[in-house]
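Okay, structure first, notes after.
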Amino acid sequence: MGAERLWWWLPWVMLLPLAAMLSLLAGSSHLPPSAVWAALWGEGDPVHQTIVWHARLPVLLLGAAVGASLGASGAALQGVLRNPLADPFLLGVSGGAGLGATIGAMAMGGTALSMTLGAATGALVLMGGLALLALRLPTRGQQASTTLLLAGVMLNALCGALILIAYVFLRPERLQNLLTWLMGSLTHQVVPVSTSGALLLATAAGVLVLHRLSPHLNLLALGDDTATSLGVRVDHYRGSVLAVVALLVAGAVAYAGLIGFVGLLMPHLIRRVAGADYRRVVLGSALAGASLLLLADAVARHAFPWVGNLLPVGAITALVGAPAFLLLLWRQLRSASLGGSA
Amino acid sequence: MRISLRAENLHLVSGSAERLRGASLRAEPGRWLALVGPNGGGKSSLLRCLAGLERPTQGEVVVGDRPVHAWPRTLLAQRLAWMPQEVLVPAGLSVMDVAMLGATPRRGPFTLPSREEQGRALALLDELGLAARWAEPAETLSVGLQQRLLLAMRLLQVSAGGVLLLDEVTSAQDFEGLVRIEGLLRGRIAEGATLVSVMHDLNLALRWCDDLAVLAEGRMIAQGPKAEVVGSDALECAWPGCIERDELRDGGWVFRPRTCSSTGDGRLHSSAQ
């Protein structure tokens, strides 16, 4: 490790307040920075205070929690499945959580708690199925990783279809709200600042657990046998990482819907700046995910004023993420074909 | 910590392939056992069974006082190290980081490496000629040096004594590597380690080992002190029609692949099997 890599976390820690600032300033009613600052400390115009404390701060906390969850989850999934294209959205875990949340919303009257519980159940069930599939794939390497992704994409489509079928039974005024949620949005509903704060704390706890589990991900890259011979109980370890990932994704999906590609791209970004050591990639992806999702959300709310506050952040992440995924896929195929001929 | 290793009548079927058909093996502390035999004869499968990574369909592996699968994983990992043939280092780790992976069984996922452990890792890297490069990314080392690094990781894993199961640890080594590896392994054997090394270079195996085991088609053809095994025709049975031996003036042996000029067209006929 060169000396420049010692400070790998610095840009991400510095980016976070910047992104937070932009997020607080973005919104349908124009507030000058000084007014936002005063309102944060409970001073100034009461209207401004209401806007900041009931509209903008919850979105900031929610965005940080969701971005960190998705970033860290993507990194942990890529490590535990040894698949650089793994992502909770692409593998259908988000879809499972979404279906669970929808069922929770319909069955128990749409409280935040019922949606969260439903999302957690859905994510855990889907993650379990995926783990069983991943362990039973006959071939390792390129083919297995592609098969897993295809299965995930199909599971996602299936969950999406079931969610849409469920929507048929909803009253139209709730439909608009849930459709925006489905596309991935931090602003489709008003979340109290206490709820989003609690989600951020729970997310931080989950991310720290993943970070503490991350050293073994380096070992897992050497294969299950080597990890086993070094005393790692691979099945238990993989199971606990996947369970923590499922819970993190469930929290993110219950409050912000299906936001894709954050989990895919953050680890690749961190590997470029900090190297591929998972002890850095997991934590770094969480920090970068929080910052960049807040930035994407600020862009979604700021850059298209003529559509008001309606553009979901999921559209922005997919807009950037899908081409980046294709680029990664192309690179992987090219390196595989080069490796094959060498 | 002196641990002996015993395998009785191992059978292993994976898929449709019968990898082991009743192989038995005994390895004693303080002795170097070299496992040789034809390609595809089951050497790596046997080593994986000995390491408890594969459950034999029949037979039993005993490490120390109990069956290999009766050991809790971390306890076994502190006493028995297995090194596969593939040379593969994780991306993004420094040479020191990779060596320190060997300390995994002695610490949980929630503890940090100790200074003492790092000192031991550095000493091992030094003995393998890697100390000056401890901070470099491990991926940038040549394959031979990566192989030495992976050995350092296993030697850190089990301290004095213990069992070392090494699959082709010298396949990518130059003379310097061979000298350094032999020195380290001899030191471990003197401390009471039990060493089983799969080797393809028969002459090197004969030079280094105390005992020789010959495995062909999943069966142990011969096992014992090397002079005894070489004195029998076990090696000729393992590679029928393929090897020639020369006796040296000091009583040792040198084996050569049969050359094409020595018989007719030089092709190996199936009748030779």
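Each protein sequence line maps, in turn, to chains A and B.
All residue numbers for the first sequence refer to our numbering, where the first residue is 1146 and numbers rise by one.
All residue numbers for the second sequence refer to our numbering, where the first residue is 4 and numbers rise by one.
From the three backbone atoms N, C-alpha and C, an ideal C-beta is built for every residue, glycine too.
{"Asked": "Candidates A:LEU1365, A:GLY1243, A:HIS1356 and A:SER1330: closest to LEU1309 of chain A by CA position", "Found": "A:GLY1243"}
{"Asked": "Inter-residue spacing [alpha-carbon to alpha-carbon] between ALA1257 of chain A and TYR1400 of chain A", "Found": "8 Å"}
{"Asked": "Min CB distance LEU1294 of chain A to chain B below 8 Å", "Found": "no"}
{"Asked": "Completely contained alpha helix (DSSP H) runs for the segment 1382-1435 of chain A, where each covers 4 or more residues", "Found": "1407-1419"}
{"Asked": "Spatial distance of VAL1465 of chain A from LEU1437 of chain A (CA atoms)", "Found": "12 Å"}
{"Asked": "Helix, strand or coil at THR1292 of chain A [DSSP, three-state]", "Found": "helix"}
{"Asked": "Where ALA1421 of chain A meets chain B, residues with beta-carbon distance less than 7 Å", "Found": "ALA94 and GLY95"}
{"Asked": "8 Å contact criterion, which ALA37 of chain B and SER200 of chain B should meet: CB distance rounded", "Found": "6 Å"}
{"Asked": "Sequence ranges, beta strand (DSSP E) only - wholly within the segment 189-234 of chain B, length at least 3", "Found": "197-201, 214-219 and 222-228"}
{"Asked": "Distance between LEU127 of chain B and PRO108 of chain B (C-alpha atoms, nearest Å)", "Found": "18 Å"}
{"Asked": "Host beta strand (DSSP E) of LEU168 of chain B (start-end)", "Found": "166-170"}
{"Asked": "8 Å Cβ cutoff met for VAL1204 of chain A and LEU1345 of chain A", "Found": "no"}
{"Asked": "Sequence-distant residues of its chain with Cβ nearer than 8 Å to LEU207 of chain B (five each side left out)", "Found": "THR173 and LEU181"}
{"Asked": "Nearest to VAL101 of chain B (by Cα), restricted to the options A:ILE1404, A:PHE1406, A:THR1371 and A:GLY1408", "Found": "A:THR1371"}
{"Asked": "Complete runs of the alpha helix (DSSP H) confined to the segment 96-130 of chain B [at least 4 residues]", "Found": "98-103 and 118-130"}
{"Asked": "Proximal chain A residues relative to ASP170 of chain B, where beta-carbon distance stays under 8 Å", "Found": "Chain A residues near ASP170 of chain B: none, gap ~11 Å exceeds 8 Å."}
{"Asked": "Paired residues, beta bridge with LEU13 of chain B - DSSP", "Found": "B:ALA26"}
{"Asked": "Reference PRO87 of chain B; option with closest CA among B:TRP211, B:CYS212, B:MET202 and B:GLN226", "Found": "B:MET202"}
{"Asked": "Beta-carbon proximity check, VAL98 of chain B vs LEU131 of chain B, cutoff 8 Å", "Found": "no"}
{"Asked": "Supposed close pair TRP256 of chain B, VAL233 of chain B - CB separation, criterion 8 Å", "Found": "5 Å"}
{"Asked": "Coarse secondary structure for ALA84 of chain B, derived from DSSP in three states", "Found": "strand"}
{"Asked": "Reference ALA1165 of chain A, options A:GLY1208, A:ASN1363 and A:GLY1224, closest by Cα", "Found": "A:GLY1208"}
{"Asked": "is_contact[TRP85 of chain B, chain A] using C-beta, thresh 8 Å", "Found": "yes"}
{"Asked": "Proximity winner among B:PRO32, B:LYS46 and B:PRO59, relative to SER17 of chain B (alpha-carbon distances)", "Found": "B:PRO59"}
{"Asked": "Residue from A:TRP1152, A:GLY1237 and A:PRO1360 with nearest C-alpha to ALA94 of chain B", "Found": "A:PRO1360"}
{"Asked": "Collapsed DSSP secondary structure at VAL66 of chain B in the structure displayed", "Found": "strand"}
{"Asked": "Sequence-distant residues of its chain with Cβ nearer than 7 Å to TRP242 of chain B (five each side left out)", "Found": "PRO41"}
{"Asked": "CB contact below 8 Å: SER1374 of chain A versus chain B", "Found": "yes"}
{"Asked": "The segment 1224-1239 of chain A contacting the segment 1352-1366 of chain A, beta-carbon criterion three pairs below 8 Å", "Found": "yes"}
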